[in-house]
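The UniProt record's numbering puts the first residue of the sequence shown at 1, with every later residue one more than the last. Let me begin by presenting the structure, written as structure tokens, before commenting on it.
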Amino acid sequence: MSAGVVAVLAASGLATADPALVLPLQSGLGDSVFGILLWFLDQWYWLMDWVYYFTGLEMLNPRYRFMHRAILVGLCVGVMAPLIGTFLVHRQLALIGDALAHTGFAGVAIGLFLNAVFDLGVSPYLTAVVVAMIAALFIELISEVTDAYNDVSMAIVLSTGFALGTTLISLNAGGLAVGVNQFLFGNLATVSPQSAAILLVLFVVIVGTVAVTRNQLLYVTFDETAAAVSGISVNWYNRVMVMLTAMVVVGAMQIMGVILVAAMLVVPVAGATQVSRSFSESLVVSVVLAELAVLLGIAVAYYGGVTAGGIIVLVAVGIYVCAVALGKVQSARGERDAPEMGSIEADSVDVGTETGDD
1 MSAGVVAVLA ASGLATADPA LVLPLQSGLG DSVFGILLWF LDQWYWLMDW VYYFTGLEML
61 NPRYRFMHRA ILVGLCVGVM APLIGTFLVH RQLALIGDAL AHTGFAGVAI GLFLNAVFDL
121 GVSPYLTAVV VAMIAALFIE LISEVTDAYN DVSMAIVLST GFALGTTLIS LNAGGLAVGV
181 NQFLFGNLAT VSPQSAAILL VLFVVIVGTV AVTRNQLLYV TFDETAAAVS GISVNWYNRV
241 MVMLTAMVVV GAMQIMGVIL VAAMLVVPVA GATQVSRSFS ESLVVSVVLA ELAVLLGIAV
301 AYYGGVTAGG IIVLVAVGIY VCAVALGKVQ SARGERDAPE MGSIEADSVD VGTETGDD
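Right under this line is the structure:
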């Protein structure tokens, strides 16, 4: 490990961490990327210390670095989930997040099993990313090969993934002992520097991919037939979307848990559709609503001593109810038509402006 990385490790408080925690990041991401990620975490700690100094909020106390990382993960999830969820809702694929969350749990189980039996020291969240992305491709493959509806392929993958996960968890091979609650329901205290670094990588990949392929994804979302005629590879962009969904699900699993992670893909977007008039506006509003739900949920979870995932979802649902009420008021005043789920049309300047594959 380079001297620069060692210095960042010391500054970020990871120098005394378990070597099994540090090694996978060093060998998997490389010294340079590893150092950049830990440098970013160190700057984030400094920012949170600064906010604590001016606000006095106890949950931002410098002693609670896990809360700093949990807030960072939550903010990233608040962008990633509605960013992908907006496309999914308008494609009527809202439940795909639930299917991939269960296969992500299988990936976690595989990682824990490999660590217990072979002592590989690999992060369970890293294996969850791999397994969830494979499962996402299988969902598309089953639909394409068998002509089955998407909900059929999602049900098959969901049940298979959760069955595999529960089977591996139930095994006692190599003295495997697993506390599954943190993966089922999420846990703020278990957001390690390693898992936060993985989330940051996923965040960059997801946001970057959507930025590059936005026009194609939008065209495929609203008119697959016209997109195919214009030369866009519909199957390819469908696969891109489900793989991005898998990344979001695994990233959000850290604080939301397997059971509730799909809510962040759907609920903020559902609220945004009630008060928005275009796809772009819906996307921005859904991110704002998701960030509000995450920050309020984490704060209530910390001070109330309850599970963060459940509170975040309850706050998001409360915001959705308020958005519905506001949408009804706007409709009654004639400011906009009454919205329906998935009814928002794409901006005219977006669809069809770039019809070929890059």
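By construction, the Cβ of each residue, glycine as well, lies at the ideal position given by its N, Cα and C atoms.
Residue i: first and last residue of the uninterrupted alpha helix (DSSP H) it sits in
i    : result
R214 : 193-222
I139 : 124-146
N235 : 234-260
A323 : 308-332
M264 : 263-275
G297 : 279-304
R69  : 65-90
L171 : Taken as a continuous stretch (DSSP letters only), L171 belongs to no alpha helix (DSSP H), as it is neither H nor E.
N115 : 96-118
Alpha-carbon to alpha-carbon, residue j and residue i
i    : j    : result
I134 : G111 : 15 Å
V90  : S276 : For clarity, residue 90 is His in the given sequence; the question names Val instead. Going by the C-alpha atoms only, they are around 13 Å apart.
L217 : T103 : 24 Å
F222 : N235 : 14 Å
M59  : A316 : 21 Å
F54  : V294 : 22 Å
A136 : A197 : 23 Å
P62  : G165 : 36 Å
T213 : V267 : 24 Å
V210 : V269 : 17 Å
V131 : F113 : 14 Å
A155 : F162 : 11 Å
V264 : G35  : It is worth fixing the name first, because residue 264 is Met in this sequence and not Val. Near 30 Å, if we compare the C-alpha coordinates of G35 and M264.
G121 : N115 : 6 Å
V157 : A94  : 15 Å
R239 : A290 : 25 Å
V284 : V205 : 19 Å
A228 : N215 : 14 Å
L41  : R65  : 10 Å
S233 : D147 : 18 Å
Outcome for residue i when other beta-carbon atoms lying within 10 angstroms are tallied against a minimum of 16
i    : result
T245 : buried
F105 : buried
Y125 : buried
Q254 : buried
D98  : buried
W44  : buried
L171 : exposed
A332 : exposed
Q92  : exposed
G305 : exposed
S32  : exposed
G56  : exposed
F118 : exposed
V220 : buried
Check whether residue i and residue j have beta carbons under 8 Å apart
i    : j    : result
V207 : L83  : yes
G85  : S286 : yes
I259 : L188 : no
G310 : V77  : no
A81  : V300 : no
V108 : A128 : yes
I312 : V242 : no
Y302 : M67  : yes
A101 : A262 : yes
V321 : L199 : no
Q274 : V324 : yes
G271 : I319 : yes
A159 : I142 : The question names Ala, but residue 159 is Ser in the sequence shown. No, the Cβ-Cβ distance between S159 and I142 is not below 8 Å.
Q194 : S123 : yes
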